[in-house]
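Notes for the one structure printed next.
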Amino acid sequence: MSSRANKMPIALRIVASLFVVTWVLMAAFPFVWTFWGSFKVELDFFSIADWTNALTGPRTQETYGSAFTGAGYHGAWVEEEFMRNVINTFIVCFFVVCTSLTFGTLGGYALSRSGYQYTFWLLIAALIFRAMPPITLVAGYMLPFFEWNLWGILPTTIIVLVAINQPFTLWMLHSFFQNIPKELDESAKVDGCTQFQAFRHVIIPVMWPGVITTGLFSFLLAYNDFAVTSMLLSEGNRTMVPQIAAFLGTTYTEGNIMFAVAAVVSATAPLFVLVMVFQRQIVSGLTAGAVKG
Amino acid sequence: MKHRTFFWFFLPTGLAMLLFIAMPIVSVVTQSLFTPHEAVLVTVETCTPFSCAQETTIDQEATAALREQSPMGRFVGFDIYTDRGHLAFSEVAQAWHSSDSFGEFLKQLNNLPFYRAMGFTIVFVFVVTPLVIVMGLLIALAVNTVNARLKGIVIFFSLLPFVITPLIGALVLFWMIDSRGIIGTALQWMAGDPSLSLKASTGLMWISLMIYGVWHAAPFAFVIFYAGLQTLPMDQIEAAQIDGASRLQRLRYVIIPHLMPLVTFVALIQLMDNFRVFEPIVGFNASAHATSLSWAIFNDLGGETRQLSSAAATSVITILGVALLLSPVLVRTWRDYKGKV
Chain F
1 MSSRANKMPI ALRIVASLFV VTWVLMAAFP FVWTFWGSFK VELDFFSIAD WTNALTGPRT
61 QETYGSAFTG AGYHGAWVEE EFMRNVINTF IVCFFVVCTS LTFGTLGGYA LSRSGYQYTF
121 WLLIAALIFR AMPPITLVAG YMLPFFEWNL WGILPTTIIV LVAINQPFTL WMLHSFFQNI
181 PKELDESAKV DGCTQFQAFR HVIIPVMWPG VITTGLFSFL LAYNDFAVTS MLLSEGNRTM
241 VPQIAAFLGT TYTEGNIMFA VAAVVSATAP LFVLVMVFQR QIVSGLTAGA VKG
Chain H
1001 MKHRTFFWFF LPTGLAMLLF IAMPIVSVVT QSLFTPHEAV LVTVETCTPF SCAQETTIDQ
1061 EATAALREQS PMGRFVGFDI YTDRGHLAFS EVAQAWHSSD SFGEFLKQLN NLPFYRAMGF
1121 TIVFVFVVTP LVIVMGLLIA LAVNTVNARL KGIVIFFSLL PFVITPLIGA LVLFWMIDSR
1181 GIIGTALQWM AGDPSLSLKA STGLMWISLM IYGVWHAAPF AFVIFYAGLQ TLPMDQIEAA
1241 QIDGASRLQR LRYVIIPHLM PLVTFVALIQ LMDNFRVFEP IVGFNASAHA TSLSWAIFND
1301 LGGETRQLSS AAATSVITIL GVALLLSPVL VRTWRDYKGK V
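If you read the protein sequences in the order shown, they are chains F and H. According to our numbering, the residues represented by the first sequence are 1 to 293, in order. According to our numbering, the residues represented by the second sequence are 1001 to 1341, in order.
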């Protein structure tokens, strides 16, 4: 990047830097603000009198004797038992990620190693399935699930999310496997391995970077889903996101909006850690799809 | 790979997609042709010594039996598609004849729930998608000039709006633009109007929803364009510079053409994702001002009365819309594939 072509005039450099700073503020400030505000009472976080109240928290001081209070968190986690929803979310995410990766690696590997025309059509079908909004399928699930008493429980939601996840997982793993040279498993087959043995002993040891990246995106899909989980889970089995939506339904009237704020901050924390740990994998996953496309 | 081996490898994923994507589509299409049974009514004549009165009551047993016997309901063909809640042919025709100008016609169309949802969805898709591309490109170009050590931090913060749960991201912004929140207060101060509220105005609500859309998706475009900028053909840029191309010309004639395949990719993904816009409407509590197709389905499915048939009809129309949106890409892929074979 030290090439002369990239030497910039000072003015342009300043404009670019200011733009970057503005963007970072736009991206990060809402989260910082909400995190800070989650330790205040509602009258401070939503202050009619003076916006600086949300920073200094005079009402919080009045009510709790300190500028910070964990009342919102207490309300969400203890009174409303948010813990149950957190556990449900992690059960759903764990099983969705494991199952979709198992199905996806097998399918993606097969697609990348078979030269027949049907692989093209299968990939196109997957692309169309990927394009459909998941909520359009939910109307189709309802009646059968009610009839067979499958509605409202976690396993049903898990398998539905796995299926919705498959098109994306297939595309991504397909392109990862295409980058693994065919000669590897072919030479194993020459040595007398069956296709599955070649996959088991030669491909599995080298596929982990791609699988981990794909797994991250499967996790995000399961964790972030609202349409499917809110429609297919009964009240007792809700995951975090539909529960937060439910908080809003009840709390606007009760004046306990801070429960929802605290729950939102709690649900953001794992994502924050995820980006911090896996930033490189997320970036490489995003760009891997683009380079293929 | 032999067909047999392929079959066994592909079976789990194929079965999952067949059972939970392909079958539900069939189920949705069938569902959209049926409507719930009407209650079975019985008329009983009760006579007292002085007069006879006819009384009509619901035969609960017969109704239950009928529902048990065919849970799909009764067949109505395309009636649900043409009713007031969906394509509303008769209402549209009436609006067409009764309105003097095209603007008036659109106004009347906007009172029909389906066209209202359709209108917002289409505007959202075609406003947010280009803005995401432009914004992503600007961020990528700007970040490319900052100090290498700061890049990691910038990318970290940029990724946050993208990985955040859409509903949560929408709520976080919504609480800030609330008239008592920080941005809401700032807007009131700037406009000099203490009663200004984004929640009360349809236009401002649409703008807020679209700003959310750009905020959420710009990081995705940014990361992809940024990766593309790392593979710029340096020799071409230098050649252009020697030929006297200005910075802007270099951007226009070398850098953007180099990024063009990535622009197509981002546009494709964004068209698909923006077409399903849904969570921000729930998060912004904006359904009084803006509804989308996905929101309409969600609204039918939720609540006390699960209107499966109505939701199914909207779903079918939405799927057709997605297919229409995607058709240029599919045709192109097919041509490329034909060319290769």
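All C-beta atoms in this analysis are idealised placements derived from N, C-alpha and C, irrespective of residue type, glycine included. Remember, it's a predicted structure, so these values are computed and weren't measured experimentally.
When the Cα atoms are used, what is the spatial distance from proline 1257 of chain H to glutamate 79 of chain F?
-> 57 Å
From glutamine 117 of chain F to leucine 106 of chain F, what distance separates their C-alpha atoms?
-> 19 Å
With 9 Å as the threshold, decide whether the Cβ of threonine 234 of chain F is near any Cβ in chain H.
-> Note that residue 234 of chain F is serine in the sequence shown, not threonine. No, no contact with chain H.
In three-state DSSP terms, what is isoleucine 1044 of chain H?
-> Position check: residue 1044 of chain H holds valine in this sequence, whereas isoleucine was assumed. Here valine 1044 of chain H sits in strand by DSSP.
Along chain H, which residues have their Cβ under 8 Å away from the Cβ of glutamate 62 of chain F?
-> Simply none; closest approach about 18 Å.
Measure from the C-beta of methionine 1118 of chain H to each C-beta in chain F and report whether the shortest distance is under 9 Å.
-> no
Residue from H/Gln1230, H/Ala1239, H/Ser1287 and H/Gly1283 whose Cα sits closest to the Cα of leucine 1262 of chain H | H/Gln1230
Excluding sequence positions up to five away, which residues of its chain have a Cβ less than 8 Å from the Cβ of arginine 1250 of chain H?
-> Ile1237, Ala1240 and Gln1241
Isoleucine 1080 of chain H: first and last residue of the uninterrupted alpha helix (DSSP H) it sits in = 1079 to 1082
Span of the alpha helix (DSSP H) holding isoleucine 203 of chain F?
-> Isoleucine 203 of chain F -> no alpha helix (DSSP H), and no H or E assigned at all.
Between proline 58 of chain F and chain H, is there a C-beta pair that is closer than 9 Å?
-> no
Could you tell me if alanine 1290 of chain H is buried or exposed, where buried requires 16 or more neighbouring beta carbons within 10 angstroms of its beta carbon?
-> buried
Does the beta-carbon distance from phenylalanine 82 of chain F to serine 234 of chain F come in below 9 Å?
-> no
Fully enclosed by the stretch 1231 to 1268 of chain H, which alpha helix (DSSP H) runs are 4 residues long or longer?
-> 1234 to 1242 and 1247 to 1250
Taking 9 Å as the CB-CB limit, is methionine 132 of chain F close to chain H?
-> yes
For glutamate 183 of chain F, is the classification buried or exposed, using 16 other Cβ atoms within 10 angstroms of its Cβ as the cut-off for buried?
-> exposed
DSSP-derived helix/strand/coil call for phenylalanine 1075 of chain H | strand
Quick one: is proline 1194 of chain H buried, meaning 16 or more other Cβ sit within 10 Å of its Cβ, or exposed?
-> exposed
Segment contact flag, the stretch 154 to 163 of chain F with the stretch 224 to 244 of chain F, C-beta cutoff 8 Å, min 3 pairs | yes
Neighbour flag for asparagine 256 of chain F against chain H, beta carbons, 9 Å | no
Measure from the C-beta of asparagine 224 of chain F to each C-beta in chain H and report whether the shortest distance is under 9 Å.
-> yes
What is the residue span of the beta strand (DSSP E) that cysteine 1052 of chain H lies within?
-> 1052 to 1058
Any C-beta of chain F under 9 Å from that of histidine 1351 of chain H | Since the first and last residues shown for chain H are 1001 and 1341, residue 1351 of chain H lies out of range.
Leucine 1018 of chain H: first and last residue of the uninterrupted alpha helix (DSSP H) it sits in | Taken as a continuous stretch (DSSP letters only), leucine 1018 of chain H belongs to no alpha helix (DSSP H), as it is neither H nor E.
Which residue or residues does DSSP assign as beta-bridge partners of alanine 1034 of chain H?
-> Before going on, a small fix: residue 1034 of chain H reads as phenylalanine here, not alanine. The partner list for phenylalanine 1034 of chain H (beta bridge, DSSP) reads H/Phe1075.
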